[in-house]
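Protein chains: 4
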Amino acid sequence: MQIKREFADGLGLTPTEAARRAQIIDATIEVIAEFGYARTSFARIIARAGLSSTRMISYHFTDKTELITATLLALIDDHDRFVTERSPMDHDRAAMLRSVLTAEIDYLASEPKAASALTEIAGNARDSDGSPLFEVVVYDLRVGRLARQLTQGQREGVFGAFDAEIMARAIRATVEDIAQRLSGDPGLDLRHHAAEITALFARATSPG
Amino acid sequence: MQIKREFADGLGLTPTEAARRAQIIDATIEVIAEFGYARTSFARIIARAGLSSTRMISYHFTDKTELITATLLALIDDHDRFVTERSPMDHDRAAMLRSVLTAEIDYLASEPKAASALTEIAGNARDSDGSPLFEVVVYDLRVGRLARQLTQGQREGVFGAFDAEIMARAIRATVEDIAQRLSGDPGLDLRHHAAEITALFARATSPG
Amino acid sequence: MQIKREFADGLGLTPTEAARRAQIIDATIEVIAEFGYARTSFARIIARAGLSSTRMISYHFTDKTELITATLLALIDDHDRFVTERSPMDHDRAAMLRSVLTAEIDYLASEPKAASALTEIAGNARDSDGSPLFEVVVYDLRVGRLARQLTQGQREGVFGAFDAEIMARAIRATVEDIAQRLSGDPGLDLRHHAAEITALFARATSPG
Amino acid sequence: MQIKREFADGLGLTPTEAARRAQIIDATIEVIAEFGYARTSFARIIARAGLSSTRMISYHFTDKTELITATLLALIDDHDRFVTERSPMDHDRAAMLRSVLTAEIDYLASEPKAASALTEIAGNARDSDGSPLFEVVVYDLRVGRLARQLTQGQREGVFGAFDAEIMARAIRATVEDIAQRLSGDPGLDLRHHAAEITALFARATSPG
DNA sequence: AATGAATGAGAGTTCATTCAT
DNA sequence: CATGAATGAACTCTCATTCAT
Numbered sequence: 001m002q003i004k005r006e007f008a009d010g011l012g013l014t015p016t017e018a019a020r021r022a023q024i025i026d027a028t029i030e031v032i033a034e035f036g037y038a039r040t041s042f043a044r045i046i047a048r049a050g051l052s053s054t055r056m057i058s059y060h061f062t063d064k065t066e067l068i069t070a071t072l073l074a075l076i077d078d079h080d081r082f083v084t085e086r087s088p089m090d091h092d093r094a095a096m097l098r099s100v101l102t103a104e105i106d107y108l109a110s111e112p113k114a115a116s117a118l119t120e121i122a123g124n125a126r127d128s129d130g131s132p133l134f135e136v137v138v139y140d141l142r143v144g145r146l147a148r149q150l151t152q153g154q155r156e157g158v159f160g161a162f163d164a165e166i167m168a169r170a171i172r173a174t175v176e177d178i179a180q181r182l183s184g185d186p187g188l189d190l191r192h193h194a195a196e197i198t199a200l201f202a203r204a205t206s207p208g
Numbered sequence: 001m002q003i004k005r006e007f008a009d010g011l012g013l014t015p016t017e018a019a020r021r022a023q024i025i026d027a028t029i030e031v032i033a034e035f036g037y038a039r040t041s042f043a044r045i046i047a048r049a050g051l052s053s054t055r056m057i058s059y060h061f062t063d064k065t066e067l068i069t070a071t072l073l074a075l076i077d078d079h080d081r082f083v084t085e086r087s088p089m090d091h092d093r094a095a096m097l098r099s100v101l102t103a104e105i106d107y108l109a110s111e112p113k114a115a116s117a118l119t120e121i122a123g124n125a126r127d128s129d130g131s132p133l134f135e136v137v138v139y140d141l142r143v144g145r146l147a148r149q150l151t152q153g154q155r156e157g158v159f160g161a162f163d164a165e166i167m168a169r170a171i172r173a174t175v176e177d178i179a180q181r182l183s184g185d186p187g188l189d190l191r192h193h194a195a196e197i198t199a200l201f202a203r204a205t206s207p208g
Numbered sequence: 001m002q003i004k005r006e007f008a009d010g011l012g013l014t015p016t017e018a019a020r021r022a023q024i025i026d027a028t029i030e031v032i033a034e035f036g037y038a039r040t041s042f043a044r045i046i047a048r049a050g051l052s053s054t055r056m057i058s059y060h061f062t063d064k065t066e067l068i069t070a071t072l073l074a075l076i077d078d079h080d081r082f083v084t085e086r087s088p089m090d091h092d093r094a095a096m097l098r099s100v101l102t103a104e105i106d107y108l109a110s111e112p113k114a115a116s117a118l119t120e121i122a123g124n125a126r127d128s129d130g131s132p133l134f135e136v137v138v139y140d141l142r143v144g145r146l147a148r149q150l151t152q153g154q155r156e157g158v159f160g161a162f163d164a165e166i167m168a169r170a171i172r173a174t175v176e177d178i179a180q181r182l183s184g185d186p187g188l189d190l191r192h193h194a195a196e197i198t199a200l201f202a203r204a205t206s207p208g
Numbered sequence: 001m002q003i004k005r006e007f008a009d010g011l012g013l014t015p016t017e018a019a020r021r022a023q024i025i026d027a028t029i030e031v032i033a034e035f036g037y038a039r040t041s042f043a044r045i046i047a048r049a050g051l052s053s054t055r056m057i058s059y060h061f062t063d064k065t066e067l068i069t070a071t072l073l074a075l076i077d078d079h080d081r082f083v084t085e086r087s088p089m090d091h092d093r094a095a096m097l098r099s100v101l102t103a104e105i106d107y108l109a110s111e112p113k114a115a116s117a118l119t120e121i122a123g124n125a126r127d128s129d130g131s132p133l134f135e136v137v138v139y140d141l142r143v144g145r146l147a148r149q150l151t152q153g154q155r156e157g158v159f160g161a162f163d164a165e166i167m168a169r170a171i172r173a174t175v176e177d178i179a180q181r182l183s184g185d186p187g188l189d190l191r192h193h194a195a196e197i198t199a200l201f202a203r204a205t206s207p208g
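Chains as they are written, first to last, in the working numbering: chain A, 1 to 208; chain B, 1 to 208; chain C, 1 to 208; chain D, 1 to 208.
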């Protein structure tokens, strides 16, 4: 997985440092996808990355929170690029919803580990004092944009009347549920799921 | 919270033991709801229960798995009773779906800690070797039954064509998402959410 | 195994109490034979005995030391009776050594659990402060008598010149080694071992 | 005791790490010799080694099994070197047996703690699930070699007819019994014991 | 830029024993 | 005669982090 190299630099990082950070972040994604957020430790990450000491992580990230934050940002960046590339602007709003849902499911198929890690971090990451880490960030990036698109579609008359945020959350929750099941059962029929939830939310958002 | 007293006895437990187990289980639910499953430790549980030593837990439960299992069973028992009491049998299938969704949201309002703990345990509980604990059990109790009801409704013609299991999972994921948000924001307008998701899934399941 | 009932009474014990003590001692022997002394706990003993609480042990024995002491005395009593019955007095000294060795091996075959437990307790039992419990007792009962018989045989001229105590310890160590191997491999050919060590120590003690 | 320095390096260990491991292994040997295997804990080992925390052990050894294994290997290595150096090749077989027994007793005199720890580990070390750790390894190293030498001597006609493995086990059991007594009574007359058991097993193995 | 070395805190579990009835 | 209930201490092991090169 080499998906977040572009993200890693851009700050004042040397190429070597950027590469190390990317390597560690990749390993973190894989460990989270496999073991879940709660069982993700520095020890497991360095074992996965083939590094010698957890000191390597502490050297490149000030603490666990920064590592997880960097990982989440890389994942969101990657996810956004993936979905954006597959959501053409010339569609009407109703087609837009279909293409978004299809792109989301395609993402699960294309990057199952990343998808699983994204869900795990967004839902479970907590600070050392126990408070949730990314509530607001994740809301805006993963629900708010979709809600705004739905609202716009309502204004254009292609969608019926509903609370756009609740609808967006229902869509997000449904997709993430599929992501979690996929991590436990890689043989899941994603094409079928894509067709079903596309139809489901087409009916749920229809004006009539 | 006194919701699992009836569950606790019935086995070969003395009244004192049943009461202690219930006390510990209550505290476990509260800790899980507040800290999440991953940060739930014996130390926090006994602090919450006002007991003296973690040894008290080990005395009444053989290990952590048994404690969590007993807690989950108590939660499921309580949840089932709550929902069953509010799902009249004389309704038609379409009304049934409405009443189920309403009952689920009412449960969130009535027992927010229990609802949160239920989601946490079902999703995150793992054995000491890392394998998920309750996958199958939880599926059947929390998705399978609803899927069967939807299938029956399809046979009776009140619902349209869709994959009943995927629909049931979407409903479950949506409700649990609301539960999680509620645990972070107790002021959430549940009445509004109930109306919205009832309408959402009415459209999503409608035959036309 | 009912081998130490006679030992249990004789003190000021009621029949019920004597029976309970015997039951607990029997379970203790079995647990030690199976798990070794170090892994023998009250919990395992009451599980084996089918009792409800470790309190049962504390009630009948003041502490672990007393339980182990009583168990050892029961084992020694049983062992002595077994060997004595099979060591006729009308033999000459050389035949006596053969019959003692044969009796010891027969005991391993007849009561393998008891033999294993006897070795385990004699070798590993320690007080709560870590000091060995039965060094002197066990020496006299298990080595000293044999050493005296060997010395007597030397006086009678049937044995050669050797340090009787060292010889007795070698014999004891060899028999106990066989006992330990037997507990790990119940299929051990004891008849063959009896023949071999009888011949071995016949040569080792011979006058020529 | 500095007996396992040569063993400790040779792998990919830094000098500091090798020294720490040797220090911990030395302390482990002393604790086992003094308290027995069952009462050997990390806490006692670090106290003996003068270290600050049991975490020091966990840092250098993955778990208790690895610590005990490394200790046993160090002990066997040390013991082998000691005995090999004192067993000249130009002797005939009968002299070989004498020199082996003498070397074994000399080892007890020279390294009583090591000898005691070796016996303790070989006999009592168990995995966390209770299964014995070193049965096969220890058999081959401590009995098998001697048995093969005896068999060879029988072929050459210097020994009589006996089961070589049973004889080897008798010898091993006798030596280890002396080792155990020595740990309880440091004043034991080892020179006398060496002479006695050398004569004992010379007679026991003699052809006549 | 990287690493080796060390650490205090906390986890769940087992231990023999004691209190009260 | 028996039991239920409770307990403090000790156990091995994992955690993220820090110090010193």
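A virtual CB, placed ideally from N, CA and C, is assigned to each residue, including glycine.
I need the DSSP call for R86 (chain C), collapsed to helix, strand or coil. In the third sequence, the residue the question calls residue 86 (chain C) occupies position 86. Coil.
Please report the distance separating the alpha-carbon of L141 (chain C) from that of L97 (chain C). The count along the third sequence starts at 1 and reaches residue 141 (chain C) at position 141. The count along the third sequence starts at 1 and reaches residue 97 (chain C) at position 97. If you take the alpha carbons of L141 (chain C) and L97 (chain C), they lie about 16 Å apart.
For Y107 (chain C) versus F134 (chain C), is the C-beta distance shorter than 7 Å?
Position 107 of the third sequence, counted from the first residue, corresponds to residue 107 (chain C). Position 134 of the third sequence, counted from the first residue, corresponds to residue 134 (chain C). Result no, Cβ atoms of Y107 (chain C) and F134 (chain C) do not sit closer than 7 Å.
Notebook entry, point to check: Cα separation between T14 (chain A) and L72 (chain A)?
Noted result: The sequence position of residue 14 (chain A) within the first sequence is 14, counting from 1. The sequence position of residue 72 (chain A) within the first sequence is 72, counting from 1. C-alpha separation (whole angstroms): 21 Å.
#### Entry: Residue-level contact to chain D via CB, G157 (chain C), 7 Å cutoff
Start at 1 with the first residue of the third sequence, and residue 157 (chain C) comes out as number 157. So, not an interface residue.
**Message:** Does chain A have any CB closer than 7 Å to the CB of A122 (chain B)?
**Reply:** Against the second sequence, residue 122 (chain B) aligns to sequence position 122. Not one chain A Cβ lies under 7 Å of A122 (chain B).
- [ ] Below 8 Å on the Cβ atoms is my guess for I121 (chain C) versus I68 (chain C); work out the distance and round it to an integer in Å.
- [x] Residue mapping note: residue 121 (chain C) aligns to position 121 of the third sequence, counting from 1. Residue mapping note: residue 68 (chain C) aligns to position 68 of the third sequence, counting from 1. Rounded, the Cβ-Cβ distance is 6 Å, consistent with contact.
I'd like to confirm the pairing. Which residues does DSSP put opposite R126 (chain D) in its beta bridges?
Within the fourth sequence, numbered from 1, the residue matching residue 126 (chain D) stands at position 126. R126 (chain D) pairs with D:P132.
**Prompt:** Per DSSP, what kind of secondary structure is Y107 (chain C) in: helix, strand or coil?
**Reply:** For the purposes of this step, residue 107 (chain C) is taken as the residue at position 107 of the third sequence. In this structure, Y107 (chain C) counts as helix in the three-state DSSP scheme.
Can at least three beta-carbon pairs, one atom from the region 164 to 175 of chain C and one from the region 196 to 205 of chain C, be found at a separation below 8 Å?
-> yes
When you compare the CB of I3 (chain A) with every CB in chain B, is at least one pair closer than 7 Å?
Indexing the first sequence from 1 puts residue 3 (chain A) at position 3. Only weak support is given to the placement of I3 (chain A): the predicted model assigns it a pLDDT of 41, under 50, and the question is left unresolved by the model.
Please check if any C-beta of chain B sits within less than 7 Å of the C-beta of E104 (chain A).
Here residue 104 (chain A) refers to the residue found at position 104 of the first sequence. No, E104 (chain A) lies away from the interface with chain B (no Cβ there is under 7 Å from its Cβ).
Straight-line Cα distance separating Q180 (chain A) from Q149 (chain B): Numbered from 1 along the second sequence, position 149 holds the residue referred to as residue 149 (chain B). Numbered from 1 along the first sequence, position 180 holds the residue referred to as residue 180 (chain A). Rounded to whole angstroms, Q149 (chain B) to Q180 (chain A) spans 24 Å at the Cα level.
By the three-class DSSP mapping on this structure, what secondary structure does P186 (chain C) have? Counted from its first residue, the third sequence places residue 186 (chain C) at position 186. Coil.
Exercise. For V143 (chain D), count neighbouring C-beta atoms within 10 Å of its own C-beta (all shown protein chains included) and say buried if the count is 16 or more, exposed if not.
Key: On the fourth sequence, residue 143 (chain D) is found 143 positions in, with the first residue counted as 1. So V143 (chain D) counts as buried.
Item to check | CA nearest to the CA of R86 (chain C), picked from C:V100, C:A195, C:D127, C:V31 | outcome: What you label residue 86 (chain C) is simply residue 86 of the third sequence in a count that begins at 1. Closest option to R86 (chain C), Cα to Cα, is C:V100.
**Message:** the ligand NAP and R86 (chain B): does any heavy atom of the ligand fall closer than 6 Å to the residue's C-beta?
**Reply:** Absence of the ligand NAP from the depicted structure is noted, as is the absence of any ligand whatsoever, leaving it without description.
Margin query: Please list the terminal residues of the continuous alpha helix (DSSP H) segment that includes D26 (chain C).
Written below: If you number the third sequence from 1, residue 26 (chain C) lands on position 26. That run of the alpha helix (DSSP H) goes 15 to 35.
query = Since E135 (chain C) meets chain D, which of its residues come closer than 8 Å, beta carbon to beta carbon?
reply = The count along the third sequence starts at 1 and reaches residue 135 (chain C) at position 135. Ordered by position in chain D, the residues that pass the 8 Å Cβ test against E135 (chain C) are G184.
### Query
Relative to the alpha-carbon of T54 (chain D), which residue among D:T65, D:E66, D:S41 has its alpha-carbon at the smallest distance?
The residue labelled residue 54 (chain D) in the question sits at position 54 within the fourth sequence. Of the candidates D:T65, D:E66, D:S41, the one whose C-alpha sits nearest the C-alpha of T54 (chain D) is D:S41.
**Request:** Step through the CB atoms of chain A and report whether any lies within less than 7 Å of the CB of I166 (chain B).
**Result:** In the second sequence, counting from the first residue as 1, residue 166 (chain B) sits at position 166. With 7 Å as the cut-off, I166 (chain B) counts as an interface residue toward chain A.
Residue of D:T84, D:I171, D:M56 minimising C-alpha distance to A22 (chain D): Position 22 of the fourth sequence, counted from the start, is the residue given in the question as residue 22 (chain D). When only C-alpha atoms are compared, the closest one is D:M56.
Requested in this report: Output yes or no for whether 7 Å exceeds the beta carbon distance between F162 (chain C) and G153 (chain C).
Outcome: One-based indexing of the third sequence puts residue 162 (chain C) at position 162. One-based indexing of the third sequence puts residue 153 (chain C) at position 153. No, these two residues do not count as a Cβ contact at 7 Å.
How would you label H192 (chain C), buried or exposed, when you count the other beta carbons within 10 angstroms and need 16 or more for buried? Translated into the one-based positions of the third sequence, residue 192 (chain C) becomes position 192. By the 10 Å Cβ count, H192 (chain C) comes out exposed.
Between the C-alpha atoms of T65 (chain D) and E17 (chain C), what's the straight-line distance to the nearest angstrom?
The residue labelled residue 65 (chain D) in the question sits at position 65 within the fourth sequence. The residue labelled residue 17 (chain C) in the question sits at position 17 within the third sequence. One Cα belongs to T65 (chain D), the other to E17 (chain C), and the distance between them is close to 43 Å.
**Message:** Going by DSSP in three states, R203 (chain D) sits in which element: helix, strand or coil?
**Reply:** If you number the fourth sequence from 1, residue 203 (chain D) lands on position 203. Three-state result, R203 (chain D): helix.
Whole angstroms are fine: how far does the CA of R44 (chain D) sit from the CA of E176 (chain D)? Here the question's residue 176 (chain D) lines up with position 176 in the fourth sequence. Here the question's residue 44 (chain D) lines up with position 44 in the fourth sequence. Distance between the alpha carbons of E176 (chain D) and R44 (chain D) is about 25 Å.
Open item on the list: Rounded to whole angstroms, what is the Cα-Cα separation between V137 (chain B) and A147 (chain B)?
Closed with: Position 137 of the second sequence, counted from the start, is the residue given in the question as residue 137 (chain B). Position 147 of the second sequence, counted from the start, is the residue given in the question as residue 147 (chain B). For V137 (chain B) and A147 (chain B), the distance between alpha carbons rounds to 15 Å.
key: Pair within 7 Å by beta-carbon distance, R39 (chain D) and G130 (chain C)   = The residue labelled residue 39 (chain D) in the question sits at position 39 within the fourth sequence. The residue labelled residue 130 (chain C) in the question sits at position 130 within the third sequence. In this structure, G130 (chain C) lies closer than 7 Å to R39 (chain D) by Cβ.
query: P132 (chain A) touches chain B at which residues, Cβ-Cβ below 7 Å?
result: Residue mapping note: residue 132 (chain A) aligns to position 132 of the first sequence, counting from 1. The answer, in chain order, is G184.
**Item:** DSSP three-state assignment for A163 (chain A), whether helix, strand or coil
**Value:** In the first sequence, residue 163 (chain A) corresponds to position 163, counting from 1. The amino acid at residue 163 (chain A) is misidentified as Ala; the sequence shows Asp. Coil.
For this session: Kindly indicate which three-state DSSP category R39 (chain A) falls into: helix, strand or coil?
Result: Here residue 39 (chain A) corresponds to residue number 39 of the first sequence, with the count starting at 1. In the three-state DSSP reduction, R39 (chain A) falls in the coil class, being neither helix nor strand.
Problem set entry | Boundaries (first-last residue) of the alpha helix (DSSP H) holding R145 (chain D) | Here residue 145 (chain D) refers to the residue found at position 145 when the fourth sequence is read from its first residue. Where R145 (chain D) is concerned, the enclosing alpha helix (DSSP H) stretches over 145 to 155.
- [ ] Would you mind telling me which residues of chain A sit closer than 8 Å to I197 (chain B), beta carbon to beta carbon, in chain order?
- [x] As a first step, residue 197 (chain B) must be located in the second sequence, where it is residue number 197. Under the 8 Å cutoff, chain A gives I166, A170.
Quiz prompt | Beta-carbon separation (whole angstroms), D78 (chain D) vs A114 (chain D), contact threshold 8 Å | solution = To locate residue 78 (chain D), count along the fourth sequence from 1; it is residue 78. To locate residue 114 (chain D), count along the fourth sequence from 1; it is residue 114. Yes, they are in contact, since the Cβ atoms of D78 (chain D) and A114 (chain D) sit about 6 Å apart, within 8 Å.
- Query: I think A103 (chain D) touches A33 (chain D), with their Cβ atoms under 8 Å apart; what is that distance to the nearest whole Å?
  - Reply: Residue 103 (chain D) sits at position 103 when you count from the first residue of the fourth sequence. Residue 33 (chain D) sits at position 33 when you count from the first residue of the fourth sequence. Contact doesn't hold; Cβ gap of about 20 Å is too wide.
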